[in-house]
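**Student:** The first sequence finishes on residue 274 if you use this note's numbering, and the numbering steps up by one all the way, no holes. Don't be surprised by glycine CBs; every beta carbon is placed ideally from N, CA and C. My questions all concern the structure below.
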Amino acid sequence: MSGKEFYAWLMKSEPSEVSVDDVLGMPEQTVGWFGVRNYQARNFMRDKCSTGDPVLFYHSSCKEPGIVGIGQIASDPYPDPTQFEINSVYFDPRSSEVKPRWVQVDVKVLYKVERISLQDLREIPECEGMQVLKKGNRLSITPVTEEQWDALKPHLHRLTD
DNA sequence: GCCAACGTTGGC
DNA sequence: GCCAACGTTGGC
Numbered sequence: 114m115s116g117k118e119f120y121a122w123l124m125k126s127e128p129s130e131v132s133v134d135d136v137l138g139m140p141e142q143t144v145g146w147f148g149v150r151n152y153q154a155r156n157f158m159r160d161k162c163s164t165g166d167p168v169l170f171y172h173s174s175c176k177e178p179g180i181v182g183i184g185q186i187a188s189d190p191y192p193d194p195t196q197f198e199i200n201s202v203y204f205d206p207r208s209s210e211v212k213p214r215w216v217q218v219d220v221k222v223l224y225k226v227e228r229i230s231l232q233d234l235r236e237i238p239e240c241e242g243m244q245v246l247k248k249g250n251r252l253s254i255t256p257v258t259e260e261q262w263d264a265l266k267p268h269l270h271r272l273t274d
């Protein structure tokens with residue numbers, strides 16, 4: 114009853130675009146979470162994410178979807194640069210540098226874990242209420258409560274690379 | 001590649 | 001401001 118509603122974040126990435134290994138190869142093992150073009154997900158980044166919040170790094174739209182890494186929010190929100198890049202698929206002509214529409218935060222990957230598949234996740238009773246498990250869920254960023262995180266902990270098996 | 005679900009768009 | 005059409009997401 115005491116757990117925080119926005120304790121942690123589940124952040125989806127398509128591994129063909131940015132995989133957990135890609136991020137581990139980046140400077141500071143950190144990536145700007147570019148390309149979010151959904152207002153609800155944007156508002157989470159803009160209003161609710163804080164530096165240091167735990168992150169579940171999730172691979173989606175792939176053969177083996179699931180949680181593959183643990184990280185943390187590593188910056189305040191700032192304008193997503195891809196919205197201004199005319200050749201980017203994320204270009205938004207309705208946005209402007211003066212009044213940016215889309216923001217991102219930096220995400221740092223701390224370590225990889227043995228993949229927790231969607232199926233595994235559904236079998237953890239305390240995780241039943243997780244937004245990512247809800248039917249028709251399409252949000253790329255969803256909050257994870259403190260209770261859900263605690264329930265997940267015993268299932269997180271750190272990999273050593 | 002299918003298709004259910006849901007967000008966005010735009011005509012009225 | 002309604003709502004049908006359309007586009008996108010993402011597991012399967």
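(1) Where are the alpha helix (DSSP H) runs, 4 residues long or more, that stay fully inside the region 209-272, in chain order?
(2) Hey, Asp205 and Gln196: beta-carbon distance below 7 Å or not?
(3) Whole beta strand (DSSP E) runs in the region 138-174 with 3 or more residues, listed along the chain?
(4) State the Cα-Cα distance for the pair Thr164 and Glu227, rounded to the nearest angstrom.
(5) What is the rounded straight-line gap between the Cα of Val136 and the Cα of Thr255?
(6) Report the partner residues of Lys125 according to the DSSP bridge assignment.
(7) Within a Cβ cutoff of 7 Å, which residues of the same chain sit near Gln244, ignoring the five residues on either side of it in sequence?
(8) Per DSSP, Pro192 is paired with what?
(9) Specify whether the region 209-223 and the region 256-266 touch according to this definition: at least 3 beta carbon pairs, one from each stretch, less than 8 Å apart.
(10) In this structure, does DSSP put Val181 in helix, strand or coil?
(11) Could you pull the DSSP bridge partners for Ile186 from this structure?
(12) My output table needs one value for Asp134: the three-state DSSP class, helix, strand or coil.
(13) Is the CB-CB distance between Glu127 and Ser188 below 7 Å?
(14) Just checking my contact of Pro190 with Arg159 at CB under 8 Å: how many whole Å lie between their CB atoms?
(15) Taking Tyr224 as the reference, give the member of Ile183, Thr143, Gly148, Pro167 with the closest Cα.
**Tutor:** Reading it off the structure:
(1) 231-235, 259-265
(2) The count along the first sequence starts at 1 and reaches residue 205 at position 92. The count along the first sequence starts at 1 and reaches residue 196 at position 83. Between Asp205 and Gln196, the CB-CB gap stays under 7 Å.
(3) 143-145, 167-172
(4) Counting from 1 along the first sequence, the entry for residue 164 is found at position 51. Counting from 1 along the first sequence, the entry for residue 227 is found at position 114. In this model, Thr164 and Glu227 are separated by some 25 Å (Cα to Cα).
(5) What you label residue 136 is simply residue 23 of the first sequence in a count that begins at 1. What you label residue 255 is simply residue 142 of the first sequence in a count that begins at 1. Going from the Cα of Val136 to the Cα of Thr255 covers about 20 Å.
(6) As a working mapping, residue 125 is identified with position 12 in the first sequence. According to DSSP, which records beta bridges pairwise, Lys125 is partnered with Tyr171.
(7) Against the first sequence, residue 244 aligns to sequence position 131. Excluding sequence neighbours, Gln244 sits near Asn250, Leu252, Thr255, Pro256.
(8) By one-based count along the first sequence, residue 192 stands at place 79. Beta-bridge analysis with DSSP links Pro192 to Val216.
(9) no
(10) One-based indexing of the first sequence puts residue 181 at position 68. Val181: strand per DSSP, three-state reduction.
(11) Translated into positions along the first sequence, residue 186 becomes position 73. Note: Ile186 sits in a beta bridge opposite Val220.
(12) In the first sequence, residue 134 corresponds to position 21, counting from 1. In this structure, Asp134 counts as helix in the three-state DSSP scheme.
(13) Looking up residue 127 in the first sequence gives position 14. Looking up residue 188 in the first sequence gives position 75. A distance of 7 Å or more separates the beta carbons of Glu127 and Ser188.
(14) The residue given as residue 190 occupies position 77 in the first sequence. The residue given as residue 159 occupies position 46 in the first sequence. The Cβ separation is near 5 Å, so the contact holds.
(15) Position 111 of the first sequence holds residue 224. Ranking Ile183, Thr143, Gly148, Pro167 by Cα distance to Tyr224 puts Ile183 first.
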